[in-house]
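Below is one structure, written out as C-alpha cells, with a few remarks after it.
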Amino acid sequence: MVLKINNVHIAQGGFRLTASLPPLEAGIYAVMGPSGAGKSSLLAALAGFLALQDGQILWKGRDIAALPPAQRPMAMLFQDNNLFPHLSAARNIALALTRRAKLTADQTDQVNAALGRVGLAGFGTKKPPQLSGGEQSRVALARVMLQDKPILLVDEPFSALGPALKAEMLDLLGELARERGSLVMMVTHDPADALRIAEKTIVVAEGTAHPPEQTKGLLQNPPPALAAYLGTD
Amino acid sequence: MAPRAVQIIAGAALAAFVIAPLSAVWAKAGPAVRFGPAEWAALRFTLLQAALSAALSVLLAIPLARALARSRFWGRDVTIMLLGAPFILPVIVAVLGLIAIFGQNGLLNDGLRALGFEPLSIYGLQGVLLAHVFFNLPLATRMILLGWMSLPSERIRLGQSLGLGAMARFYLIEWPMIRRILPSAFAVIFVICLSSFAVALTLGGGPKATTIELAIYQAFRFEFDFATAALLGLVQLFLSVSAAGVALWLAGHDRLGIGLDRPAPAARRPLSERCIDAGVILGAMLFLILPLALLFIKGAAGVPDLGAPVWFAALRSLALALGATLLCLCFALPLATRWGELIATLGIAVSPLVLGTGLFLIVRPYVNPFDVALGVTLCVNALMSLPFALRILRPEVQAVEQNFSHLSAALGLGAWGWFRWVMLPRLRRPLGFAAGLTAALSMGDLGVIALFGDAEWATLPLKIYQLMGSYRMDQAAAAAVLLLALSLGLFWLFDRVGRYGAQDQ
Amino acid sequence: MKNLTFAAGLLTASAALADTPVLTVYAPDYFASEWGPGPSIEAAFEASCDCDLQFKTGDVLGRIILEGTRTDADAVIGLNTDITKKARETGLFAPHGQDVAKLTLPLDWTDEVFLPFNYSHTAFIYNTESLPNAPQSFDELLAADDSLSLVIQDPRSSISGLALVLWVKSVYGDRAESVWEQLAPKILTVTKGWSESYGLFTDGEADMVLSYTTSPAYHIVAEGDLTKKAAIFPEGHYFMVELAAKIAGTDNPELADAFLAFILTDTFQNLIPTGNWSLPAALPVPEWPEAFQELPLPEKVLFYSEDEAADLRAETIEEWRRALSK
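Chains as they are written, first to last, in my numbering: chain E, 1 to 233; chain L, 1001 to 1505; chain X, 2001 to 2326.
Right under this line is the structure:
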C-alpha cells in the first residue's frame, strides 16, 4: 500500500516542477510552499488532470500515470466546485456510487450513513445553496468518503471557512483518514493546518517537491525557501 | 464535454447538409455565369443595408438592454417576452404591421397630417432599415441583456462603493462586457439581413433596393439559370461565414453566462436615471409592440371563423415546430463550441432557395420529394434556428465545463452521467429559452415547404400566403393572428418550463 | 383489437386506392389550395374518370425542369405565356390534341402544345371612393399628379410584374424607358409578388395596384363590394393567359388526354370564374356569371408571342430597372 512518485516532471506554461519522493505510506501529508510553486499542479498531476512530461506514479507497483482520473485510486477535494449546486446533498453523495436515478436500498443506507458520519443526518434533501459553507464541506467529505479511494487529495477546500469551522473540518478529515487508513495529501498555506493534522510535510519550492519531513521539526527549523515563505527569517 | 466523436459527427452532418445542396445546384448548372452590373449593384446594396441594419439594431439595443437590466417593474418578464415577438414573425405579417404604423395612411402619418406636417415616406432605404431594426432589435437586445445579467454583482457594488458616475460606470464596468458581445450580435444580424428579400424590396420602394437574394430568386424562377444562382448563393455564404468568423475572432473567448436574471443590486437610483430608462422602455414598446397590437386588433375577430384547413395547418405547424426544436437542440448541445458556432452560421448563411432546390435535387433520385417535404422542412427549420440556439447555449455550456469537468472526471461520471446529472439540469434555463426561440421561429417560417410542399400538407404560414393569393386578405389577417398567438405561446411555454425548477439554483 | 381492425381497414382502403389509376397534375399553389378552383375541379373530374386526380403544388415549370424525363407529372396546369418558350425548349411536353375551335379568347390561339384554360388582362385597380377621378387612359396615368400612388410587382420575381413591363413596351415601344421615368415618382413601392401588392392596396396604402381586369369580380361576388374597379385604358391591356399541357413521357396518356379534354368542357369552364377569379377560356360570354358579364373589359388586347416576349424580356426589365433606380 505505497505510493511512489518517481522522477515526475510537470510543465505548465513557463512553470516546471520535478518530484521524486520516497515511497509514501498511509498517513496525512501536508503540501506547503510559496504561492505559484506548483502545489496545486502537483495534486492535479497526481489526480490525472495534468499530463506528466515524464516520470511514473506507482501504486502497488503499477504505473497509474496514464489512467483517467476516475480509475486512479484517488479521490479529490477541490478548492471549489466540490458539489453540483443543482443536485440535493444526497444525490451529490450518491454520484460516488451510481449514475442511476433510483438508488438501491443498500445505496440509500450508505448515503445516509455517510451523511450521519459527517454530522448531517436528515440534510439529504437540501441543495448546496441552502447549506452553510461548513455544511457544504461536510457533504463534500461524505462524497469522497463514499468514493472509497485509498488516497485522498485535498486542495485547500476549507480556506474560505472561519478559523473555528476550519479546525473542525480538519479534525473531521483527520478522523476519517485514520479510521479508513487513507493516504492524504493536503495542500495548505497555513502552517497551523499542517501542525494540526499532518505528521509530515512535503515542501514544494523552487521547482522541486522535497521529500516529506516531520511537520513539527520542519516548521521549527525551516529550510530557506520555506522560511522566506513563512516569513520567519 | 460531449465526446469528441459526437461533436465531429454533428459538425460534419451540419456542414454536409448545407454544402451538399449547394454543390447539387452547382452540378446542375450550365457553364455560363452571369455577374453583370445589376448583380454588382445588388451586392453593393445588400452589403450596405445589412451593415447599416446590424449597426443600428445593435446600437439601439444597448440603451434598451441597459434600461431593462436596471429596471424593476410589474410585468417586466412579459414585457421582455413581447419585445422579442417581432423576431419570430413571418416577414409578410410583420411588414403589414409596420405599414399600419409607418405607411402612407399609417398612424404616424395620420398624426403628422393632423398636426399640419408633411407625411413621411417609409419607402426607401429608411424603410428597409426600419423593418430590419424592427425584426432584429429584439434579438440584439436579448443578447446584450444576457451580458448585463452576467455582470457579477460584486463588480456593480464595487462601482457603487467607488461612487462612479454614469459615464465612468459605463466605461469601466459595462463597456468591457458590451464590447465582447457586440461583434457576435452584429454578425448574426448582418448575416440575417444579407438574405433579406421581400422586406428589402417591399419597403425599399423599388429596384434600387435589390438584394442578392432577389437575384437568386430571379435566376431560379424565371431564367432557370442554376449557375448564376449557385454562384450568388456561394457569394452570400462566403460573406456570411466571413462576418461570423471575424465576429468570433473579435469577441475572443467570451465567458459570458446567460445570467440568472437576478435583479441587479437595488441601490436607490436617481430619478433622472429612472425616467430615462422608463422612456427608453416605453419607446421600444411603442415601436416593437404597437404594430403587432394593430395586427392583432385587425385579425382577432376573424380567428373563430377560420376554416378547418387553417386549423389543421396550424396543428401541422405545431408538430413541425416541436420536431424542429428537438432536432435543433440535439445538434446544439454537442456543437456548443467556437467551431460549432462558426459552422452553425452556415444555417442562416445559405439562401433558402438554393438550399431547398439543392435538397430537392439530392432526394429526387431516391424518393418522391413530396413525400419528404415535411421532413425536409423540419430539418431546414432546425438548421436555421441552430445559430441562435448556440448563441444562447454556448456560454452556459462553457461555464458548466469550466466549473464541473474536474469534479465529473474525478467521479468518473462518463458521457451519459455528465449529460444526465450535470449538463441537462444546469442548462435547463438556457435550454428552455433556446427551445422556445427555435419553436417560435419554426412556427413562423415559410421555409422550403413552399418550394416543394404539397397543398395537402401546407403549414400555417403557407396557408396565410394562399389566403392572400386568393384575395382573402381578412382571413389572412386572422390566420396571422393565430400564428402570432401560437408562436408566442410556444415561446412562453418553453421558456417557462426552463425557468420552472431552475429558480432555486 | 379495435386498432387492428382499423389498421386492416386502412390497408384495404389504400389497396383499393392503389387499383385506381392516379393522374398527377402539377399546379400552382393558389390554383390547388382550398380557396382556388382545384378541389371542385378535382371532384368534378373524378366523377367522370374513375381515377384519382392529384394536384401537386409548387413552382410548376421549375420542378419539371429539375426532374426532367423522370417527372411524376402526367400533366401540368397554370403555366404562363411568359415561360412557355422555356417550357417548350425542354421537349418534355406533348401536343394537347384538343380542338381549339371551342376557345373563346379575344385573340386567335394556334399553339398545339399549350392549352389555355382561363385568361385576364393586366390592369390597375382602384377604389372609387378614395380615388373618384381615376386616370381613364395610360396617357392620363402618366400625366397624373405625382401624389397618385401605385404599387406594382417586380418583373424579376413576379409574372404580373413581367406582364406590366411588356404592357408598357407594347403601348409605348421605344419610349418605354422614359415612360417608366415618368411613372417612377408615382410608384410607391414594388413588391416581390402579387399578394403583397394587393394586401397593401386593400389596406389603403396606395391608390392603385397592378392586378387584373377580373379582380373587381372577387369583391363584387364574394364581398358585395362595388367600390373596386379596374381602370380600362383605350391604349389596350396586356393579355394574361394560363395554360395546361400534357407531359410527353406520361404513364397515363389516356387519362392525361381526358383531363385536357375536360378543361374545355362547360363543367370545368363554369368553375373558373368564381374559382380562379378569371375569365373562362372556352365559354361564350352569355354563359358567364352575371358579375363577370358586367365587368368592364378592354376593347384592345395587347399580346407578344412567346418569341417576341423572350427577346424583349431582358431589355424591358433593364429599362424598368434603370428608370426606377434613378
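In this text, a Cβ means the ideal position worked out from N, Cα and C, and glycines have one as well.
These figures come from a predicted structure and were not determined experimentally.
Discussion item. For E/A194, tell me which candidate among E/E206, E/P212, E/E179 has the shortest Cα-Cα distance.
Written reply: Looking up residue 194 of chain E in the first sequence gives position 194. With distances taken between Cα atoms, E/A194 lies closest to E/P212.
Item to complete: Classify E/A140 as buried or exposed, calling it buried when 16 or more other Cβ atoms lie within 10 Å of its own Cβ.
Response: Here residue 140 of chain E refers to the residue found at position 140 of the first sequence. Classification of E/A140: buried, given that the 10 Å Cβ count is 16 or more.
Worksheet entry | Residues of the region 36 to 70 of chain E whose Cβ lies closer than 9 Å to any Cβ of chain L, in chain order | A44, A47, G48, F49, P68, P69, A70
Fill in: Beta-carbon spacing of X/Y2212, X/L2302 below 7 Å
Counting from 1 along the third sequence, the entry for residue 2212 of chain X is found at position 212. Counting from 1 along the third sequence, the entry for residue 2302 of chain X is found at position 302. No, Cβ-Cβ distance for X/Y2212 and X/L2302 is not below 7 Å.
Fill in: Beta-carbon spacing of E/A114, E/M76 below 7 Å
One-based indexing of the first sequence puts residue 114 of chain E at position 114. One-based indexing of the first sequence puts residue 76 of chain E at position 76. No; because the gap between Cβ atoms is not below 7 Å, this pair is not in contact.
Practice prompt. Mind reading off the beta-carbon distance from X/T2316 to X/W2277? Whole number of angstroms is fine, and I expect it under 8 Å.
Written response: As a working note, residue 2316 of chain X is residue 316 in the third sequence. As a working note, residue 2277 of chain X is residue 277 in the third sequence. In fact, because the Cβ distance is near 27 Å, the residues do not count as touching under 8 Å.
Item to complete: Output the distance between the C-alpha atoms of X/A2323 and X/L2166, rounded to the nearest integer angstrom.
Response: Residue mapping note: residue 2323 of chain X aligns to position 323 of the third sequence, counting from 1. Residue mapping note: residue 2166 of chain X aligns to position 166 of the third sequence, counting from 1. Near 15 Å, if we compare the C-alpha coordinates of X/L2166 and X/A2323.
Practice prompt. Mind checking which residues open and close the beta strand (DSSP E) that includes X/E2242?
Written response: Residue numbering aside, residue 2242 of chain X sits at position 242 when the third sequence is read from its first letter. 2237 to 2247 is the span of the beta strand (DSSP E), which, as asked, contains X/E2242.
Practice prompt. Check E/A47 in the structure and name its three-state DSSP category.
Written response: As a first step, residue 47 of chain E is located in the first sequence; it is residue number 47 there, counting from the start. E/A47: helix per DSSP, three-state reduction.
Practice prompt. Could you tell me the distance, in whole angstroms, from the CA atom of E/D148 to the CA atom of L/A1284?
Written response: Locating residue 148 of chain E in the first sequence gives position 148, counting from the first residue. Locating residue 1284 of chain L in the second sequence gives position 284, counting from the first residue. Approximately 58 Å between the Cα atoms of the pair.
Worksheet item: Out of X/A2282, X/N2270, X/Y2304, X/E2306, which has the shortest C-alpha to C-alpha gap to X/E2290?
Response: Translated into the one-based positions of the third sequence, residue 2290 of chain X becomes position 290. Among X/A2282, X/N2270, X/Y2304, X/E2306, the Cα nearest to that of X/E2290 is on X/N2270.
Worksheet entry | Backbone CA spacing between L/V1093 and L/A1477 [nearest angstrom] | Position 93 of the second sequence, counted from the first residue, corresponds to residue 1093 of chain L. Position 477 of the second sequence, counted from the first residue, corresponds to residue 1477 of chain L. Distance between the alpha carbons of L/V1093 and L/A1477 is about 8 Å.
Discussion item. For E/L173 and E/M185, I'd like the C-alpha separation in whole angstroms.
Written reply: Taking the first residue of the first sequence as 1, we reach residue 173 of chain E at position 173. Taking the first residue of the first sequence as 1, we reach residue 185 of chain E at position 185. Looking at the two C-alpha atoms, the distance is approximately 11 Å.
Fill in: Cβ contact (3+ pairs, closer than 8 Å) linking the region 1486 to 1498 of chain L and the region 1080 to 1095 of chain L
yes
Worksheet entry | Interface flag, X/D2145 vs chain L, CB-CB below 7 Å | Against the third sequence, residue 2145 of chain X aligns to sequence position 145. Answer no: the Cβ-Cβ gap between X/D2145 and chain L never drops below 7 Å.
Practice prompt. Give the straight-line distance between the Cα atoms of L/V1397 and L/C1330, rounded to the nearest whole angstrom.
Written response: Along the second sequence, one-based indexing puts residue 1397 of chain L at 397. Along the second sequence, one-based indexing puts residue 1330 of chain L at 330. L/V1397 and L/C1330: Cα-Cα distance of roughly 14 Å.
Discussion item. Can you pull out the residues from the region 1392 to 1422 of chain L whose beta carbon lies closer than 9 Å to at least one beta carbon of chain X?
Written reply: none
Discussion item. Using C-beta distances below 7 Å, list every residue in its chain close to X/E2319, excluding the 5 sequence neighbours before and after it, in chain order.
Written reply: The residue given as residue 2319 of chain X occupies position 319 in the third sequence. If we look at X/E2319 and ignore the five residues flanking it on each side, its Cβ neighbours are A2176, E2177, W2180.
Worksheet item: Between X/V2168 and X/A2256, what straight-line distance do the alpha-carbon atoms span, to the nearest angstrom?
Response: Stepping through the third sequence from its first residue, residue 2168 of chain X is reached at position 168. Stepping through the third sequence from its first residue, residue 2256 of chain X is reached at position 256. Those two C-alpha atoms are separated by around 37 Å.
Worksheet item: What is the rounded straight-line gap between the Cα of E/I64 and the Cα of E/I57?
Response: As a first step, residue 64 of chain E is located in the first sequence; it is residue number 64 there, counting from the start. As a first step, residue 57 of chain E is located in the first sequence; it is residue number 57 there, counting from the start. Spanning the two alpha carbons is a distance of roughly 6 Å.
Item to complete: Give the DSSP bridge partners of X/Y2116, in chain order.
Response: For the purposes of this step, residue 2116 of chain X is identified with residue 116 of the third sequence, where counting begins at 1. What sits at residue 2116 of chain X in the sequence shown is Pro, not Tyr. X/P2116 is bridged to X/L2243.
Practice prompt. Verify the contact flag: L/A1050, CB atom, against every heavy atom of the ligand PLP, threshold strictly below 6 Å.
Written response: As far as ligands go, the structure on display features none, and thus does not contain the ligand PLP.
Fill in: Cutoff 7 Å; reference L/D1474; Cβ partners in own chain excluding five residues on either side
Position 474 of the second sequence, counted from the first residue, corresponds to residue 1474 of chain L. Cβ within range, chain order: G1302.
Worksheet item: For L/S1071, which residues in chain X fall below 7 Å Cβ to Cβ?
Response: For the purposes of this step, residue 1071 of chain L is identified with residue 71 of the second sequence, where counting begins at 1. None at all; the shortest Cβ gap to chain X is about 35 Å.
Discussion item. Using the three-state DSSP reduction, which class does X/S1982 fall into: helix, strand or coil?
Written reply: What the structure shows of chain X is the stretch from 2001 to 2326, and residue 1982 of chain X is not part of that stretch, so it cannot be assessed.
Discussion item. For a quick check, are the C-beta atoms of E/H86 and L/P1152 less than 7 Å apart?
Written reply: Locating residue 86 of chain E in the first sequence gives position 86, where the first residue counts as 1. Locating residue 1152 of chain L in the second sequence gives position 152, where the first residue counts as 1. Their beta carbons are not under 7 Å apart, which means E/H86 does not touch L/P1152 by this criterion.
Worksheet item: So X/I2232 and X/A2094 are in contact, right, with Cβ under 8 Å, and what is the actual spacing, rounded?
Response: The sequence position of residue 2232 of chain X within the third sequence is 232, counting from 1. The sequence position of residue 2094 of chain X within the third sequence is 94, counting from 1. Not really, about 38 Å apart at Cβ, beyond 8 Å.
Discussion item. If distances are taken between C-alpha atoms only, which option among E/K166, E/G116, E/I28 comes closest to E/P157?
Written reply: As a position in the first sequence, residue 157 of chain E is number 157, starting the count at 1. That would be E/K166, whose Cα lies nearest to the Cα of E/P157.
Worksheet item: Based on Cα-Cα distance, which residue from E/G36, E/A11, E/R91 lies nearest to E/Q53?
Response: What you label residue 53 of chain E is simply residue 53 of the first sequence in a count that begins at 1. Out of E/G36, E/A11, E/R91, E/A11 has the C-alpha closest to the C-alpha of E/Q53.
Worksheet item: Which stretch, first to last residue, makes up the beta strand (DSSP E) that contains E/N81?
Response: Taking the first sequence and counting its residues from 1, one reaches residue 81 of chain E at position 81. Counting along the chain, E/N81 falls outside any beta strand (DSSP E), and DSSP gives it neither H nor E.
Fill in: Inter-residue Cα distance where the pair is E/S20 and E/M32
Position 20 of the first sequence, counted from the first residue, corresponds to residue 20 of chain E. Position 32 of the first sequence, counted from the first residue, corresponds to residue 32 of chain E. Rounded to whole angstroms, E/S20 to E/M32 spans 16 Å at the Cα level.
Discussion item. Quick check on L/G1103: does DSSP put it in helix, strand or coil?
Written reply: Position 103 of the second sequence, counted from the start, is the residue given in the question as residue 1103 of chain L. Of the three classes helix, strand and coil, the one that applies to L/G1103 here is coil, per DSSP.
Discussion item. For X/F2124, list the residues DSSP reports as bridge partners.
Written reply: Here residue 2124 of chain X refers to the residue found at position 124 when the third sequence is read from its first residue. For X/F2124, which the question treats as bridged, DSSP gives the partners X/L2210, X/A2231.
Practice prompt. Tell me, please, whether the CB atom of L/R1426 is closer than 7 Å to any CB atom in chain E?
Written response: Residue mapping note: residue 1426 of chain L aligns to position 426 of the second sequence, counting from 1. Closer than 7 Å to some Cβ of chain E, the Cβ of L/R1426 qualifies, so yes.
Worksheet item: In terms of residue numbering, what span does the alpha helix (DSSP H) encompassing X/P2039 cover?
Response: On the third sequence, position 39 is the one that residue 2039 of chain X refers to. Start and end: 2038 to 2049.
Discussion item. Taking CB distances under 7 Å as the criterion, tell me whether L/R1109 reaches chain X.
Written reply: If you number the second sequence from 1, residue 1109 of chain L lands on position 109. The identity of residue 1109 of chain L in the sequence shown is Asn, whereas the question assumes Arg. No, L/N1109 does not count as interfacial toward chain X.
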